[in-house]
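This report refers to the structure that appears directly beneath it.
Protein chains: 2
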Amino acid sequence: MSQKIALPLMAALSLVTFVGAASGDGHADKAMKGAIEARQDQMQLFGYSMGILGGMAKGETDYDSAKATAAATNLAALAKLDRSILWVEGSIQGEVEGTRAKATIWSDSAGFEKAAMDMEAGADALASAAGTDLDALRGAMGAAGKACGACHDDYRGPRN
Amino acid sequence: MSQKIALPLMAALSLVTFVGAASGDGHADKAMKGAIEARQDQMQLFGYSMGILGGMAKGETDYDSAKATAAATNLAALAKLDRSILWVEGSIQGEVEGTRAKATIWSDSAGFEKAAMDMEAGADALASAAGTDLDALRGAMGAAGKACGACHDDYRGPRN
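Residue numbers (the working numbering), protein chains in the order written: chain A, 3 to 162; chain B, 3 to 162.
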C-alpha cells in the first residue's frame with residue numbers, strides 16, 4: 003500500500019471508529035449485535051416509508067405524488083439490501099438478546115428467501131404505482147403490506 | 003376503489019399502525035421526528051457497512067470478498083436513498099430536539115447536494131473495489147471515508 007493511499011485510508015479508519023460501528027473488532031458477539039441493530043434500522047426505515055404512504059392512503063395527509071414516489075422508491079431500495087450481512091447465523095430470539103428473529107429464518111432459509119423476494123416484488127410494484135395517483139397507491143399498498151405481514155407472521159417471534 | 007382492493011389495503015393499513023410509523027398522522031412535529039429518526043437509521047446502516055469494511059481494512063477481521071461486496075453494495079444503495087423525505091425543512095439542531103443537522107443543509111442546499119453526491123460516488127467506487135482484494139478495498143475506503151467526514155465537518159453540529 004503506497005503512502006499516497008495510506009493517509010486518506012487512515013482518515014477513513016478513524017471515522018469508522020468514530021461512527022461507533024459495532025462490527026470489525028474481532029468479537030463475534032459485537033458483530034452479531036451490530037447485525038441485529040442494522041436489520042432493525044432497516045425495518046424502521048421500512049416503517050418510515052410505509053407510514054408516509056399509509057398516511058396518504060388513509061387520507062390523513064394530502065396525496066403528494068413526488069413524496070409518495072420518494073417513499074416507495076426508498077422502500078424498494080431498502081428491501082433489496084443484501085441479507086447475508088443482516089440475518090447472520092445464530093442471531094435468534096432466545097439465544098441472543100434484542101431480537102425476535104425465529105430460528106426458522108435459517109432452518110427454512112428457502113421459505114425466508116421466498117418471503118423476502120415477495121417483499122421486494124411488492125415494494126417494486128409500490129414504487130411503480132405510488133406516483134400515479136391515490137387509487138394506484140392504495141391498490142399497490144395491499145400487496146406490499148401483505149408481504150410485510152406474511153414474513154412477520156412466519157419468521158418473527160413474540161414480543162418479550 | 004373496488005372491494006377486491008379494499009381488503010388487502012385494510013390489512014396493509016393496519017400494519018402501518020402496527021409498525022409504529024411516526025409519519026402520516028397529520029401532526030407536523032411527529033412527521034419531523036420520523037424524518038430525523040429515519041436519517042439516523044440510515045447513518046447507523048452506513049456505520050454498520052463501514053464497520054465491516056474497516057475491520058477488514060485494519061486487519062482485525064479476515065478479508066472476505068463476498069462479505070466486503072455485500073457491505074459496500076448496501077452502503078452504495080443506502081447512499082442513494084431519496085433525501086427529500088429525510089432532510090425535511092426545519093429539522094435543524096437548536097430548533098427541534100434530537101438532531102445535529104446544521105441550518106446550512108438547507109441554506110446551502112447546493113453545497114449539501116454536492117457533498118451527498120460525493121458520498122454516492124465514493125460508495126459506488128467502494129462497491130466496485132471491495133470484492134477485488136484487500137488492497138483494492140483499502141484504496142477505495144479512503145475516498146469514501148473522506149466523503150463521510152467532509153459532510154460531517156460542514157453540515158453536522160456539535161454534540162449536545
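Virtual Cβ for every residue (Gly too), placed ideally from N, Cα, C. Quantities reported herein were computed from a predicted structural model and do not represent experimental measurements.
{"Asked": "Residue from 109/B, 106/B, 131/B, 60/B whose Cα sits closest to the Cα of residue 11/A", "Found": "60/B"}
{"Asked": "N- and C-terminal bounds of the alpha helix (DSSP H) containing residue 157/A", "Found": "136-157"}
{"Asked": "C-alpha distance - residue 121/B paired with residue 152/B, whole-angstrom precision", "Found": "9 Å"}
{"Asked": "Endpoints, the alpha helix (DSSP H) within which residue 38/B is located", "Found": "30-59"}
{"Asked": "Chain B within 7 Å of residue 143/A, Cβ atoms only", "Found": "yes"}
{"Asked": "Integer-rounded CB distance, given that residue 94/B should sit under 8 Å from residue 112/B", "Found": "Actually they do not touch by this definition, with Cβ atoms about 18 Å apart."}
{"Asked": "Residues that residue 76/B contacts on chain A, provided the C-beta gap is smaller than 8 Å", "Found": "83, 84, 87"}
{"Asked": "Proximity below 7 Å, CB of residue 84/B to CB of residue 76/A", "Found": "yes"}
{"Asked": "Under 8 Å by beta carbon: chain A residues contacting residue 39/B", "Found": "46, 50"}
{"Asked": "Beta-carbon neighbours of residue 43/B, restricted to chain A and to distances below 8 Å", "Found": "43, 44, 46, 47, 50"}
{"Asked": "Nearest-angstrom beta carbon gap, residue 73/B and residue 47/B [assumed within contact, 8 Å]", "Found": "The Cβ separation is near 10 Å, so there is no contact."}
{"Asked": "Buried versus exposed, by CB contacts within 10 Å (16 or more), residue 43/A", "Found": "buried"}
{"Asked": "Listed by chain order, chain A residues near residue 72/B by CB distance under 8 Å", "Found": "84, 86, 87"}
{"Asked": "Outcome for residue 131/A when other beta-carbon atoms lying within 10 angstroms are tallied against a minimum of 16", "Found": "buried"}
{"Asked": "Whole-angstrom distance between residue 82/A and residue 129/B, CA atom to CA atom", "Found": "15 Å"}
{"Asked": "Per-residue burial, residue 51/B [other beta carbons within 10 Å of its own, 16 or more giving buried]", "Found": "buried"}
{"Asked": "Backbone secondary structure at residue 73/A - three-state DSSP", "Found": "helix"}
{"Asked": "Close-in-space but distant-in-sequence residues of the same chain around residue 97/A (CB under 7 Å, 5 per side omitted)", "Found": "none"}
{"Asked": "Extent of the continuous alpha helix (DSSP H) run through residue 87/A", "Found": "Run containing residue 87/A: none; DSSP gives neither H nor E here."}
{"Asked": "Chain B contact for residue 124/A (CB, 7 Å cutoff)", "Found": "no"}
{"Asked": "Residue 145/A classed as buried or exposed, judged by whether at least 16 other C-beta atoms fall within 10 angstroms", "Found": "buried"}
{"Asked": "Between the CA atoms of residue 80/B and residue 159/B - distance to the nearest angstrom", "Found": "22 Å"}
{"Asked": "Reference residue 125/A, options 39/A, 49/A, 41/A, 31/A, closest by Cα", "Found": "49/A"}
{"Asked": "Buried or exposed (CB count within 10 angstroms, at least 16 for buried), residue 58/A", "Found": "buried"}
{"Asked": "Enclosing alpha helix (DSSP H) for residue 106/B [first to last residue]", "Found": "106-109"}
{"Asked": "Residue 149/B versus residue 109/B: straight-line alpha-carbon distance, rounded", "Found": "20 Å"}
{"Asked": "Reduced DSSP category for residue 103/B - H, G, I as helix; E, B as strand; rest coil", "Found": "strand"}
{"Asked": "CB contact below 7 Å: residue 5/B versus chain A", "Found": "Residue placement at residue 5/B is flagged as unreliable, the pLDDT there being 41, under the threshold of 50; the coordinate-derived value follows with that caveat. Output row for residue 5/B: interface = no."}
{"Asked": "Straight-line gap, residue 101/A to residue 41/A (C-alpha atoms, nearest Å)", "Found": "10 Å"}
{"Asked": "Interface residues of chain B facing residue 132/A [CB-CB closer than 8 Å]", "Found": "Neighbours of residue 132/A on chain B: none; closest Cβ ~12 Å, over 8 Å."}
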